[in-house]
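**Q** Chains as they are written, first to last, in UniProt numbering: chain X, 1 to 466; chain C, 1 to 466. There's a structure below that I have some questions on.
Structure follows, in structure tokens:
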């Protein structure tokens, strides 16, 4: 029994059903979840035209052609199509074809293995209940903010019109991606961040380059800010963001993208001895810790291991396999670290692509994280613009790459790229990090010339001291 | 002592110099070689605007902007810059900075370890002579062809003007890439191939898709053809290509791209017991076989292992390390298959990207090659257009992926992608194939959502029977 029909829940249900169990999915909103309607799909549909234009503008023979603004109505219509017009018919058909039962309504635990739907019908799980309810944006505690009805990520990805002036609070992925998209669609954008840079979970050079590029696109970036008060006099009217005495910004919309919280407040967790509202603690098989009987699982954002769609889907595959194995009485060994029932990649090789302009992509540990974790490391940096394939890809290519090498085992702990067209390059690093390929062997993985991938040769040469 | 100053020769000289030996490079043309002036660099400078336009034309908000023709003079000027205006000053400066001596002239062996330059000055190698003279295009034996002065790859990549009508003979990489480029720049292009499809060394579906796309771009493709005669009445005048009785094509230029031969005719190979004009046979350390004393090496196209710039550079790194090791008296073990002195990737993991529209990329063995080699395999195909990241990348995305799995070892023998934007995706496959990463472990290399790289998940799911 799966609570929550986003990509994680759908995949988990599919996995256990494919393994011969029956699966039921309980969802009170749209099947397909945040990703399909208010995150990955619509945001990337908004962003792809931005990067395509940016790249075309850096190529001779096209520069003039793409100098004008994007056709915003065309892009928004495209986004609507990629969000399936906020209807889940396609997803429901898929559930049906996959043999998964759908129960529409709000699922709530009512003691071990028991789930009530909308406070009425009670379902009992034979093998397991998996919580895949995801996360929601959190509004910080700022006077006037809630009353001003700011945009959250849902509004930012689904807005039918381009705001004239948009203020964004938060320099993480949502803030950066939405600043990129709405600026390219014509909005005047101000990006307010509390710290001193963007994308603070990646290597520092990533945020520097993205900030530089956003500034060139005309985004106003203000670091070290704190929103003290927000005022919106009339619904639909302008919103005033107060940063300090005599420091106010007036805009048409305000997007808050400062953090997320687990969707666990109203799940009945208290009926099984857990605390509502918190992140769900799980082990590497995605089974909730501290629940007798071992029938409760949590996959996706809700367990706070890695708040990314692809990682939720990965957890769903692992959890589905683990549930099915245990249902058949197959023991799962703790030692089976990279086997079919352990979400080991969550701890070693989480990839992320930020669809900014330029793209940012990273997997595994940053240098700072590796040091904090006590690894003896060497950091190798290289200017992506010095790679022939990159200079052919875009005039005046600016980018950077870093690999973090574990000196004790001579494997990569993490790799980061920032620059045009690096999104698809990341998976090479993900394979290297997840498979713990020795540096000596990577020397034989020859990058095709002249591609941006030749950065691998440069990084390895630099590491070997060549 | 290195004969031939292309990327392979330059890298080999650099490697031995970095290892503490002295290196001298003998070159009678431009330092930087075919790749810098008449192959990779100019061809990709011509092709990148084509793919950038093609991709922009499949994105909403830009379609109309890029509907017009490419600005050919701008593209050609860009190409000129990327070919360094056919001057090698930059390369010579690099040699200088790397501490490599340059001797301008035609180097020729004159017995063991001896090289004469332009028939005069004699140089004697202390440790080794490396032949890195590459390959040249071959004109087939067709009446009138040589007299008609057809284009070879050099002319096709360096032409200062766009021919009105261009006939290309040969459906390999050069033929396909040049058809793509010159058609986009405005030429009327006819592509003649002897067999039944394009890019015959890749999986068959690659050639099908590229042919379909070339046809849509307006290229006339004729398969199963044989050129029987060529006539050009006046220099610079039209050229007539005779395919059969009453089957003639008249064009302004004719590009012959049907094959290459080693540049070994005039190297004095006979003075050391080898046959001039043939490919140079070498072992996995790139040392020529059948030459007493073991002082002769051959790297790059000339040894026929893999006629690709990046593979030549790889061989240069391996050969340079082997020469330096032997100079120090370090034994090189046969068993050290993936070590620093064995070009093992030449036999297992050669990557290639064809910069056609769409791009084609492959590494390792095709299904047919794997079967011929006696492997017990399973072939997994997947429609790239069905991957969310691909459909976001380009409207109506068409593409395909194949992985060839060795069933005995559960590792990948080869991977092929064809579709927009797959060029940078290839290195993920190259790492997997070169490192022989078990399929079970690839399951933990999670592709970021929504990228085209998610094809990896689909292929692995299909293989596992999920």
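Glycine included, every Cβ here is placed at the ideal spot set by N, Cα and C.
1. Please compile the residues from chain C whose C-beta is within a distance smaller than 7 Å of the C-beta of residue 338/X.
2. Can you check DSSP and say which residues form a bridge with residue 247/X?
3. Return the CA-CA distance between residue 391/C and residue 420/C, expressed in angstroms with no decimal places.
4. Mind listing, in chain order, the continuous alpha helix (DSSP H) runs of no fewer than 4 residues lying wholly within the region 283-339 of chain C?
5. Check whether the region 46-53 of chain X touches the region 10-26 of chain X, taking contact to mean three or more Cβ pairs, one atom from each stretch, closer than 8 Å.
6. Buried or exposed, going by whether 16 or more other CB atoms sit within 10 Å of the CB of residue 373/C?
7. So, for residue 462/C: in the same chain, excluding its five sequence neighbours on each side, which residues have a beta-carbon less than 7 Å away from its beta-carbon?
8. What does a CB cutoff of less than 8 Å around residue 346/X pick up in its chain, not counting 5 residues either side in sequence?
9. Select from the region 401-433 of chain C all residues with a C-beta closer than 9 Å to any C-beta belonging to chain X, and list them in chain order.
10. For residue 242/X and residue 248/X, which I take to be in contact (beta-carbon distance under 8 Å), what is that distance rounded to the nearest angstrom?
11. In the region 18-42 of chain X, which residues sit with their C-beta less than 9 Å from some C-beta in chain C, listed in chain order?
12. At a Cβ threshold of 9 Å, is residue 189/X touching chain C?
13. Residues of chain C with CB closer than 8 Å to the CB of residue 307/X, please, in chain order.
14. For a test of the three-state rule: what should DSSP assign to residue 403/X, helix, strand or coil?
15. Is the region 351-367 of chain X touching the region 399-409 of chain X in the sense that three or more CB pairs, one from each, lie closer than 8 Å?
16. Which first and last residues belong to the beta strand (DSSP E) in which residue 382/C is found?
17. Can you grab the Cα-Cα spacing for the pair residue 229/X / residue 459/C, in whole Å?
18. Tell me whether the region 295-305 of chain C and the region 442-460 of chain X touch, counting them as touching only if at least three CB pairs, one residue from each stretch, are closer than 8 Å.
19. Name the chain X residues that come within less than 7 Å of residue 451/C, Cβ to Cβ?
20. Tell me which same chain residues have a C-beta within less than 7 Å of the C-beta of residue 154/X, skipping the five on either side of it?
21. Once DSSP output is grouped into helix, strand and coil, what is the label at residue 50/C?
22. Would you check if there are 3 or more beta carbon pairs closer than 8 Å linking the region 410-425 of chain C to the region 316-327 of chain X?
23. Spatial neighbours of residue 54/C within its chain, please: CB distance less than 6 Å, with the 5 preceding and 5 following residues excluded, ordered by chain position.
24. Compute the Euclidean distance between the alpha carbons of residue 451/C and residue 42/X, then round it to the nearest angstrom.
25. Out of 410/X, 359/X, 361/X, 351/X, point me to the one whose CA is closest to residue 375/X's CA.
26. Would you verify that the beta carbon of residue 364/C is, or is not, closer than 9 Å to some beta carbon of chain X?
27. With a threshold of 9 Å between beta-carbons, can residue 127/X be considered close to chain C, or not?
28. Can you name, in chain order, every residue of its own chain whose Cβ lies under 8 Å from the Cβ of residue 344/X, other than the five neighbours on each side?
29. Please determine, among 61/C, 109/C, 40/C, the residue with the shortest C-alpha to C-alpha distance to residue 467/C.
30. Among all the DSSP beta bridges, which residues are the ones paired with residue 220/X?
31. Relative to the alpha-carbon of residue 292/C, which residue among 65/C, 86/C, 174/C, 111/C has its alpha-carbon at the smallest distance?
32. Taking only three categories from DSSP, how would you classify residue 206/X?
33. Does the beta carbon of residue 60/C come closer than 9 Å to any beta carbon on chain X?
34. On the criterion of 16 or more Cβ atoms from any shown chain inside 10 Å, does residue 10/X qualify as buried, or is it exposed?
35. List the residues of chain X whose Cβ lies closer than 9 Å to the Cβ of residue 91/C, in chain order.
36. Quick check on the DSSP output: the alpha helix (DSSP H) that includes residue 82/X runs from which residue to which?
**A** With the given structure in hand:
1. Listed along the chain, the chain C residues whose CB falls inside 7 Å of the CB of residue 338/X are 441, 444.
2. Bridge partners of residue 247/X: 244/X.
3. Straight across, the Cα-Cα distance linking residue 391/C with residue 420/C is about 10 Å.
4. If we require 4 residues or more, the alpha helix (DSSP H) runs fully inside the region 283-339 of chain C come out as 309-327.
5. Short answer: they don't touch.
6. Classification for residue 373/C: exposed.
7. Once the five neighbours on either side are set aside, the close Cβ partners of residue 462/C are 380, 382.
8. Closer than 8 Å at the Cβ level, and outside the excluded window around residue 346/X, lie 284, 305, 306, 311, 314, 315.
9. Those residues of the region 401-433 of chain C that come within reach of chain X (Cβ to Cβ, closer than 9 Å) are 421, 422, 423, 424, 425, 426, 427, 428, 429, 430, 431, 432, 433.
10. Rounded, the Cβ-Cβ distance is 5 Å, consistent with contact.
11. Those residues of the region 18-42 of chain X that come within reach of chain C (Cβ to Cβ, closer than 9 Å) are 18, 35, 40, 41.
12. No, its Cβ sits nowhere closer than 9 Å to a Cβ of chain C.
13. None at all; the shortest Cβ gap to chain C is about 12 Å.
14. It is a strand residue.
15. As far as the Cβ criterion goes, the region 399-409 of chain X touches the region 351-367 of chain X, which means the pair count is three or higher.
16. Residue range 377-383 is occupied by the beta strand (DSSP E) that includes residue 382/C.
17. A straight-line Cα-Cα distance of about 51 Å links residue 229/X and residue 459/C.
18. With a cut-off of 8 Å, the region 442-460 of chain X and the region 295-305 of chain C do not count as touching, because too few Cβ pairs lie within range.
19. Residue 451/C reaches chain X at 353, 423, 424, counting residues in chain order whose Cβ is nearer than 7 Å.
20. Here the set comprises 38.
21. Residue state, collapsed to three classes: helix.
22. No, they do not touch.
23. For residue 54/C, where only same-chain residues beyond five positions count, the Cβ hits under 6 Å are 357.
24. Approximately 14 Å, taken between the alpha carbons.
25. It is 410/X whose Cα lies nearest to the Cα of residue 375/X.
26. Closer than 9 Å: no.
27. No - not a single Cβ of chain C is within 9 Å of the one on residue 127/X.
28. Excluding residues within five positions, the ones whose Cβ falls inside 8 Å are 284, 337, 338.
29. For residue 467/C there is no data in the structure shown, the boundaries of chain C being 1 and 466.
30. As a beta-bridge residue in DSSP terms, residue 220/X pairs with 190/X.
31. Among 65/C, 86/C, 174/C, 111/C, the Cα nearest to that of residue 292/C is on 111/C.
32. If DSSP states are grouped into helix, strand and coil, residue 206/X belongs with the helices.
33. With a threshold of 9 Å between beta carbons, residue 60/C makes contact with chain X.
34. So residue 10/X counts as buried.
35. By Cβ distance, chain X contributes nothing, its closest Cβ being about 13 Å from residue 91/C, past 9 Å.
36. 72-82 is the extent of the alpha helix (DSSP H) around residue 82/X.
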